[in-house]
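If you read the protein sequences in the order shown, they are chains A and B. Here the working numbering = 1-based position in the first sequence + 1184. Here the working numbering = 1-based position in the second sequence + 1184. Have a look at the structure below, then the notes.
Protein chains: 2
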Amino acid sequence: MKLKHLTGLSLLAPSVAFAAERPNIVLFIVDDMGWMDSAVAYGEQVYPNNLRHHTPNMVRLAEQGVMMTSAYVCPVSTPTRTSILSGMNAAHTRVTNWTSYVKDEYSDATGGGVSGGIGDTSADPLIRPDWNLNGMSPEPGIEGTFHATPFPQLLRDAGYFTIHVGKGHWAASGTPGASPYNMGFVVNVAGQVNGAPRSYYAEDHYGNLPGRWNYMAVQNLAAYYGTGTHLTEALTLEAIKTLDYPISHRQPFFLYMGHHGTHTPIQADERFAQKYRDAGMDEGQARYASMVEGVDKSLGDLMDYLEARGVAKNTVIIFLTDNGGNSENKNKGGIRHTHNKPLREGKGSCYEGGIRVPMLCSWSGKIAPNTRVNTPVIAEDLFPTILDIAGVDYEGKIVQDIDGQSLVNLLTKGSKLAAKAVKKGEVVGQKEQNLFVIPEEVSGINPLRPIVLHYPHKWKPYDLHDIDFLSCVRIGEWKLVYRMKTGALELYNLDDDIGEQTNVAVNNPDLTLQMAAVLAEKLRTWKADMPRINGTNKTAPLPDEL
Amino acid sequence: MKLKHLTGLSLLAPSVAFAAERPNIVLFIVDDMGWMDSAVAYGEQVYPNNLRHHTPNMVRLAEQGVMMTSAYVCPVSTPTRTSILSGMNAAHTRVTNWTSYVKDEYSDATGGGVSGGIGDTSADPLIRPDWNLNGMSPEPGIEGTFHATPFPQLLRDAGYFTIHVGKGHWAASGTPGASPYNMGFVVNVAGQVNGAPRSYYAEDHYGNLPGRWNYMAVQNLAAYYGTGTHLTEALTLEAIKTLDYPISHRQPFFLYMGHHGTHTPIQADERFAQKYRDAGMDEGQARYASMVEGVDKSLGDLMDYLEARGVAKNTVIIFLTDNGGNSENKNKGGIRHTHNKPLREGKGSCYEGGIRVPMLCSWSGKIAPNTRVNTPVIAEDLFPTILDIAGVDYEGKIVQDIDGQSLVNLLTKGSKLAAKAVKKGEVVGQKEQNLFVIPEEVSGINPLRPIVLHYPHKWKPYDLHDIDFLSCVRIGEWKLVYRMKTGALELYNLDDDIGEQTNVAVNNPDLTLQMAAVLAEKLRTWKADMPRINGTNKTAPLPDEL
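Pasting the structure below:
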């Protein structure tokens, strides 16, 4: 296959000629990789956790573009992915937990479901809400789904060649959203209902083995069975293959590169694992590190291919992950609940470790290289942002009311402003963050707009105090966490306390109540799901109803 | 989804405008459906078996185009499919049996394999050859494969939007040919290594169920699980969906519509089954009949869609099946070995029932409607024919030496000549066949060119006298069958004896030996595989070596 790509080089000139017209877009989404899992220092300093993983290509992308240091997504996968595709906040889509493989099956630990196991709910103070358990649907009237127009459909209608490779996980089987071919993609490889791969190994046929098969087996990869190709590499090779057509035909493309890596199962990418073992990491850590580096290699291979085909300059790359780093999985190695330090907690949680994720964006000539922007952004912003980049006007063409805002000015003018500030030497180490919060008159984004995440669910059959049934809102440097189980309100100042260690609610009762009101108002407006109280079966109170 | 198609109608005008330029091509391949399984009377008369199945759309296509009454393919699936993709005779590709799901596993009954079961070979007079058990490869140097350039790659390189839907089955997993994305297709739905579906039922998730899964589960259809959509219908809906992009973008398209129907398992398409039960068919027959009608409905739905989108006039439809009707499967109902009557035997056999199949072709303005052509044609002719239709010159662009010939003149000028003959009233019932054998100066096809099929294999763990280890050659009205087990040569005159009941070899010793020499010469030229003799391990003699 490599050979084929090289022959493609003859098409370089024409594709460049065309490239001037409309930008190609690559949305590179990594699974379960945390804010601290790469050498890219999203924090105000380089933390020890930044030194664990070798990620030269993420650094390379950061040097070519802008680092979004305050990028937020949902605590788990599907809500982030359906927010991205719909432009709606997860509390608004009412898809706040991941979709099961089978229709009408709740993934909540309370009330069981194939993903959560059958938890004994009798002891739980709260019971799961009747959320949209079947996910997103591009068609109306599908039970247990919300109906929205996916942005890839709008790109496709506007002449973009839309490609899906890897993890979909927007909807349960038996509903239209289960297939990328119903979500506006012209080409699909491997995308379906599974939220994780049965196996990353070609020797396991990626899970497609009699006796071992379950719904998480990865499809469309039979050509790699037994070839020793790690799933991350196989998906990368498939993605590169699919790019040849639009580049050769001078059509603008959108590539949704949805890696299963670095989600469980934690299975080593042996191209990279040994050096981490040699460096003294425990086996679980070494395996996880190799999976991160495998994804990093994929990013680099795609960047190399775009350069080789002469379209890199006209291709926007957006890199992010779908939730915080998983700090709950034993097999990942290391010490649990520390993987995202200085951030508190990880996947599943509304503390920063679960919702603040890596995000990078490059756009030659438009985005200033090697810059950082600290304005908070959120998953649903990608819908209007990507359509804005493509120059597609979606007014009147979509069925949903979107909550996100276009980040184009923030990414372009904002990054240039940040670059100037650095040049002027205004950067003085600590407290930089306020400097790189871009004024609204430049970015069109109010730096104080409320960033809301909402997880009215129990994640695992056992209780997770800092994960289950939490909501939060961030406004500027302030972060409010609402615990639905107890009704407790916690306030943190992220500038002083990014680790959310010191609850300052008691010192700031008015601000706490104001933020609780803002959070409640958003949830009320979106008709967000709240859990029910065990026994009374009444809906748990909103944060301003206490 | 239906709704979406209707909205597509707005694009009718432009697509028609474009359509004038290059013809679209639909290759509609049905699995295991026999020469006598439809209401289209390919024989010189309407036989009782023509009255079993309701196939209005096959009749509709026959009325719009030409009926090829002497179309030959291999006795089993993969050899036919790899001949079509490569333009080579199966004896030349050395893929003379179907490929297993797993690499390096023989499907022969002799020597076992997942498809054939482990037969006790000690008693067999012959042992399977070391054929290309891994199928066709678009890349060189893959063990157990033959390397060839698939024609979809040439179509794609020439600007065609190439779509694969349904059954692939060109190669074993772990080799490039396992994926349609490596065979020149831009889009793939469901195509992989399986030669049959695990289940046709959405309630079974088409085989994708824990505990029930095996390599025959059908991929990419999770959106239909539990919806009551028969596999034949699901693949049709997917095919129609994929056509929207090239039609809307005014790109010429090639659709490879590979139905799993009507292969085993024999599972009713309940849209149609009841009327066959009511008509008194046994349950197996009724199920099979409903599967045939399901495929017929698919053909009609595609024809309707092409008309609705305004591209029907500029779309060539080639309809055929991949081997003779299966007359060996008990669950199919009826009386075994009679399903293809008047033809002898069925799938697996080199008698007419196994190799002579339905073939229809329509091309508005170019092919005379409602005509029949009796010139023998064979699977490998489709490679040059399809490229000829598309106006693609493959000279110097392919790695293989092809054996097929373009049928374009036979289909166009030939059908027009046949139409004239009918008009002139020259058709007088019996013996028409010679009238509709088109002269070479019109068709470019020598009506007396040898048609060779070769099956040096044992199909099932039990002996099948009229199936195992046979080769044949047809020259005009004469047919020679060579039995490798016994060295026996049988001669039949197909004009007098289409059922191959009367072996006239003894009455025609010279012709018999001449045809044996022709068959042997072909097999020798192609370095065709012959089985080995159990005990001596010597290669079985060619038909002229006795």
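Ideal placement from N, C-alpha and C gives every residue a C-beta, glycine not left out.
{"Check": "Contact set between A/Q1403 and chain B, taken where Cβ atoms lie within less than 7 Å", "Outcome": "Q1403 and N1404"}
{"Check": "Same chain only: Cβ atoms within 6 Å of A/T1253, ignoring 5 sequence neighbours per side", "Outcome": "Y1226, R1556 and N1558"}
{"Check": "Neighbourhood of A/G1412 by C-beta, 6 Å cutoff - its chain only, sequence neighbours within 5 removed", "Outcome": "A1386"}
{"Check": "Own chain partners of B/Y1384 with C-beta closer than 6 Å, once the 5 adjacent residues on each side are dropped", "Outcome": "H1414, L1415 and Q1451"}
{"Check": "Cβ-based neighbour list, A/W1547, same chain, cut-off 6 Å, excluding 5 preceding and 5 following", "Outcome": "V1500"}
{"Check": "Against chain B: residues of the stretch 1571-1595 of chain A by CB proximity under 9 Å", "Outcome": "none"}
{"Check": "A/N1398 at chain B interface by Cβ criterion, 7 Å", "Outcome": "yes"}
{"Check": "B/N1208 versus A/A1496: straight-line alpha-carbon distance, rounded", "Outcome": "33 Å"}
{"Check": "Residues that A/G1442 contacts on chain B, provided the C-beta gap is smaller than 7 Å", "Outcome": "Going along chain B, no residue has its Cβ under 7 Å from A/G1442, so there is no contact; the nearest lies around 15 Å."}
{"Check": "Buried versus exposed call for B/R1658 [16 or more other C-beta atoms within 10 Å across all chains shown]", "Outcome": "buried"}
{"Check": "Sheet register partners of A/S1546 (DSSP bridge)", "Outcome": "A/I1501"}
{"Check": "Candidates B/V1688, B/P1645, B/I1502 and B/P1623: closest to B/G1249 by CA position", "Outcome": "B/I1502"}
{"Check": "Beta-bridge pairing of B/A1255 - partner residues as DSSP gives them", "Outcome": "B/V1541 and B/V1561"}
{"Check": "Short Cβ contact (7 Å threshold) for B/S1267 with B/A1603", "Outcome": "no"}
{"Check": "Residues of the stretch 1359-1370 of chain B with Cβ closer than 8 Å to any Cβ of chain A, in chain order", "Outcome": "T1359, P1360, G1361, A1362, S1363, Y1365, N1366 and V1370"}
{"Check": "Short Cβ contact (7 Å threshold) for A/Y1290 with A/Y1399", "Outcome": "no"}
{"Check": "Inter-stretch contact (C-beta, 8 Å, three-pair minimum) for the stretch 1524-1544 of chain B and the stretch 1484-1493 of chain B", "Outcome": "no"}
{"Check": "Cβ of B/S1139 within 7 Å of any chain A Cβ", "Outcome": "Absent from the model: residue 1139 of chain B. The displayed extent of chain B is 1185 to 1730, so no value can be given."}
{"Check": "Enclosing beta strand (DSSP E) for A/N1677 [first to last residue]", "Outcome": "L1673 to N1677"}
{"Check": "Interface residues of chain A facing B/E1422 [CB-CB closer than 9 Å]", "Outcome": "S1363 and Y1365"}
{"Check": "Interface partners of B/T1411 on chain A, CB under 8 Å", "Outcome": "G1358"}
{"Check": "For B/A1355, three-class secondary structure by DSSP", "Outcome": "strand"}
{"Check": "Interface partners of A/P1394 on chain B, CB under 9 Å", "Outcome": "W1397, N1398 and Y1399"}
{"Check": "Buried versus exposed, by CB contacts within 10 Å (16 or more), B/V1373", "Outcome": "buried"}
{"Check": "Sheet register partners of B/S1655 (DSSP bridge)", "Outcome": "B/H1638 and B/Y1666"}
{"Check": "Bridge partner(s) assigned by DSSP for B/S1170", "Outcome": "As displayed, chain B neither begins before 1185 nor continues past 1730, which places residue 1170 of chain B out of reach and without an answer."}
{"Check": "Test item: CB-CB of A/P1309 and A/N1692 under 7 Å", "Outcome": "no"}
{"Check": "Segment contact flag, the stretch 1463-1471 of chain A with the stretch 1400-1407 of chain A, C-beta cutoff 8 Å, min 3 pairs", "Outcome": "no"}
{"Check": "Three-state secondary structure assigned by DSSP to A/I1717", "Outcome": "strand"}
{"Check": "Delimiting residues of the beta strand (DSSP E) encompassing A/I1209", "Outcome": "N1208 to V1214"}
{"Check": "Start-to-end residues for the beta strand (DSSP E) that takes in B/N1372", "Outcome": "V1371 to V1373"}
{"Check": "Cβ neighbours of B/S1533 in the same chain (closer than 6 Å, five flanking residues each side left out)", "Outcome": "P1259, D1650 and I1651"}
{"Check": "Per-residue burial, A/N1316 [other beta carbons within 10 Å of its own, 16 or more giving buried]", "Outcome": "buried"}
{"Check": "Spatially closest choice to B/K1669 from B/P1640, B/T1569, B/M1367 and B/R1206, by CA coordinates", "Outcome": "B/P1640"}
{"Check": "Partners in chain A for B/V1377, counting only beta-carbon separations shorter than 7 Å", "Outcome": "A1406"}
{"Check": "Members of the stretch 1331-1353 of chain B that neighbour chain A once the beta carbon cut-off is set at 8 Å", "Outcome": "R1340 and G1343"}
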